[in-house]
Amino acid sequence: MEPVISLTGVTAELGGRPVLRGIDFDVRPGEVVALLGANGSGKSTAVRATVGQVPVTGGELRLFGTPVRRFRDWARLGYVPQRSTAAGGVPATVREIVSAGRLARRGLRPLGRADRAAVDRALDLIGLADRAGDSVNALSGGQHQRVLIARALTGEPDVLIMDEPLAGVDLASQRVLAETLRAQIAGGTAVLLVLHELGPLEPLIDRAVVLAHGRVERTVEHPAQLPEAHACHPEDELEPSAVAKLQTGIL
Numbered sequence: 014m015e016p017v018i019s020l021t022g023v024t025a026e027l028g029g030r031p032v033l034r035g036i037d038f039d040v041r042p043g044e045v046v047a048l049l050g051a052n053g054s055g056k057s058t059a060v061r062a063t064v065g066q067v068p069v070t071g072g073e074l075r076l077f078g079t080p081v082r083r084f085r086d087w088a089r090l091g092y093v094p095q096r097s098t099a100a101g102g103v104p105a106t107v108r109e110i111v112s113a114g115r116l117a118r119r120g121l122r123p124l125g126r127a128d129r130a131a132v133d134r135a136l137d138l139i140g141l142a143d144r145a146g147d148s149v150n151a152l153s154g155g156q157h158q159r160v161l162i163a164r165a166l167t168g169e170p171d172v173l174i175m176d177e178p179l180a181g182v183d184l185a186s187q188r189v190l191a192e193t194l195r196a197q198i199a200g201g202t203a204v205l206l207v208l209h210e211l212g213p214l215e216p217l218i219d220r221a222v223v224l225a226h227g228r229v230e231r232t233v234e235h236p237a238q239l240p241e242a243h244a245c246h247p248e249d250e251l252e253p254s255a256v257a258k259l260q261t262g263i264l
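Per our numbering, residue 14 is the first one in the sequence shown, and the count goes up by one each step.
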């Protein structure tokens with residue numbers, strides 16, 4: 014089957030500094046691929062390039078067989094960024110934030126019956142249906158992350174891309190996330206996620222791609238076989254050339 018995501022020799026820069034130095038990996042339909050690596054290895058840059066937030070400077074990135082520069086069907090991708098406050102400081106209810114996930118499909122048109130049903134399904138999946146009318150400011154950190162996941166799921170994507178979904182999330186929310194992903198995978202959704210540790214998601218992962226200094230260090234077909242001190246642990250040091258230079262001004 015044609016990969017839903019394919020990177021071949023992909024390079025990318027941030028602030029004029031090389032971050033991705035020719036990486037190769039793909040994600041096939043229904044597959045769960047984890048990106049592992051130390052801080053600064055290029056994990057988050059790789060997923061941000063995949064969703065169009067970081068321009069590719071070399072190599073080829075394809076989404077559903079289409080070069081990323083010509084890809085337009087972004088509703089097929091659901092993206093969960095690194096943990097942040099779901100509302101970004103703007104007063105909003107849980108339902109309002111989750112409903113924003115339909116924008117890629119509906120634009121600014123009012124939500125229809127199918128849209129509202131998709132929002133309800135996503136809220137049920139993450140276990141926050143009873144908090145739909147609450148302000149997101151009243152939620153815990155783990156619940157904020159679940160809201161962001163529900164927002165991505167509401168768009169009914171074919172591939173779900175998640176950047177550090179377990180970071181700072183309590184064990185109960187981690188388990189909810191694992192069950193939520195299990196249901197999506199059973200329905201054929203592909204998943205690409207950045208992890209610092211496997212945690213409760215380990216049984217769901219088909220393949221792990223370990224990055225180091227912007228390159229693919231190795232691919233592990235059975236992530237459970239990774240040693241305790243594998244390269245995704247934060248104690249791994251960066252090579253001097255991988256340390257970011259001080260940047261000033263507006264980013």
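Ideal placement from N, C-alpha and C gives every residue a C-beta, glycine not left out.
Within its chain, find whatever has a CB closer than 6 Å to the CB of residue i; leave out the 5 residues flanking it on each side and keep chain order.
| i | result |
| --- | --- |
| E44 | A203, D219 |
Do you know offhand how far residue i's Cα is from residue j's?
| i | j | result |
| --- | --- | --- |
| G72 | D39 | 14 Å |
| D249 | D176 | Here the model assigns D249 a pLDDT of 37, short of 50, so the residue's position is not dependable, and the following value carries that caveat. Their Cα atoms are separated by approximately 20 Å. |
| N150 | A131 | 23 Å |
| V233 | V223 | 8 Å |
| R115 | A105 | 16 Å |
| D171 | W87 | 10 Å |
| A163 | Q197 | 12 Å |
| G125 | D133 | 13 Å |
| G65 | R129 | 27 Å |
| T63 | G78 | 13 Å |
| R30 | E210 | 27 Å |
| L179 | R83 | 32 Å |
| Q187 | E215 | 11 Å |
Could you spell out the range, first to last residue, of the alpha helix (DSSP H) harbouring residue i?
| i | result |
| --- | --- |
| S3 | In this structure the chain extends from 14 to 264, so residue 3 is not present and cannot be described. |
| G91 | No alpha helix (DSSP H) holds G91; the beta strand (DSSP E) holding it covers 90-93. |
| E192 | 184-199 |
| I162 | 154-167 |
| V132 | 126-138 |
| A117 | 116-119 |
What are the partner residues of residue i, as DSSP defines its beta bridges?
| i | result |
| --- | --- |
| D143 | Note: D143 sits in no beta bridge, so no partner. |
| V229 | L224 |
| P80 | R75 |
| V204 | V45, L173 |
| V69 | A25 |
Could you spell out the range, first to last residue, of the beta strand (DSSP E) harbouring residue i?
| i | result |
| --- | --- |
| G53 | Element bounds for G53: n/a, residue is neither H nor E. |
| G22 | 18-27 |
| I36 | 30-40 |
| L173 | 172-176 |
Would you grab the beta carbon distance between residue i and residue j for me? Rounded to a whole angstrom, and I think it's under 8 Å.
| i | j | result |
| --- | --- | --- |
| L166 | A135 | 4 Å |
| R228 | I36 | 6 Å |
| L74 | V32 | With 8 Å as the limit, L74 and V32 do not qualify as a contact, their Cβ atoms being about 14 Å apart. |
| E26 | T70 | 6 Å |
Closer than 8 Å by C-beta to residue i: which residues in its own chain qualify, once you throw out the five before and the five after it? Chain order, please.
| i | result |
| --- | --- |
| A185 | G155 |
| D183 | S153, G154, G155 |
Between residue i and chain D, is the shortest Cβ-Cβ distance under 9 Å, so that the two count as touching?
| i | result |
| --- | --- |
| A163 | You won't find chain D in this structure, because it holds only one protein chain. |
Tell me which same chain residues have a C-beta within less than 7 Å of the C-beta of residue i, skipping the five on either side of it?
| i | result |
| --- | --- |
| G201 | P42, G43 |
| L217 | V45, A191, L194, R195, I198 |
| I18 | D39, V40, T63, L76, V172, L205 |
| E169 | A131 |
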